[in-house]
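Below is one structure, written out as structure tokens; comments come after it.
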Amino acid sequence: MSTTTESRPLAFRMQLKPGVAAEYERRHDELWTDLAEALREAGVYDYSIFLDEETMSLFAVLRLRPDNTKDALPLKPVMKRWWDYMADLMAVHPDNKPVEWPLKPVFYFEG
Numbered sequence: 003m004s005t006t007t008e009s010r011p012l013a014f015r016m017q018l019k020p021g022v023a024a025e026y027e028r029r030h031d032e033l034w035t036d037l038a039e040a041l042r043e044a045g046v047y048d049y050s051i052f053l054d055e056e057t058m059s060l061f062a063v064l065r066l067r068p069d070n071t072k073d074a075l076p077l078k079p080v081m082k083r084w085w086d087y088m089a090d091l092m093a094v095h096p097d098n099k100p101v102e103w104p105l106k107p108v109f110y111f112e113g
């Protein structure tokens, strides 16, 4: 179980393949209900992904409840199905899990 607090976001980078940005966005616009439920059940309550169109880098930011079970998400069949569905659009590991580069927090402001 992770100990991430609600107030500090978790951020990471992923890499999109050239020419697939519209398809990536379309697939996320049609996010599966069972995947959304799995994310909520794991304690994800705020999740955004941004695209740098110049580099095709995806910048993800998510917030987790203190009692989250984010680390168990890769074991869920719906998560594995999603990775398989998205693998043709992005850099992935052999199991189709997206390659993620953690980003170091250097500034945080909460008003």
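Position 16 (the sequence shown) corresponds to 18 in the numbering used here; numbering is contiguous.
Glycine is no exception: its CB is placed at the ideal position from the N, C-alpha and C atoms.
All of these numbers come straight from a predicted model, not from anything done at the bench.
Determine the closest residue to residue i out of the options, with distance taken between C-alpha atoms.
i, options, result
"L41", "T57, F61, L66", "L66"
"F52", "K82, E112, L64", "L64"
"Y49", "L33, F109, A74", "L33"
"F61", "G113, E112, L105", "L105"
Near residue i, what residues of its chain come up, given a Cβ to Cβ distance below 7 Å and the 5 sequence neighbours on each side ignored?
i, result
"W103", "F14, R15"
"H95", "V101"
"N98", "W85, D86, A89"
What does the alpha-carbon distance come out to for the pair residue i and residue j?
i, j, result
"L18", "P107", "22 Å"
"R29", "A74", "23 Å"
"E55", "R83", "26 Å"
Report yes if the CB atom of residue i is closer than 8 Å to the CB atom of residue j, and no otherwise.
i, j, result
"M58", "P20", "yes"
"L91", "V22", "yes"
"A38", "T71", "no"
Sort out for me which residues DSSP pairs residue i with in a bridge.
i, result
"L53", "L60"
Apart from the five residues just before and just after residue i, which ones in its own chain have a Cβ nearer than 6 Å to its Cβ?
i, result
"K78", "A40"
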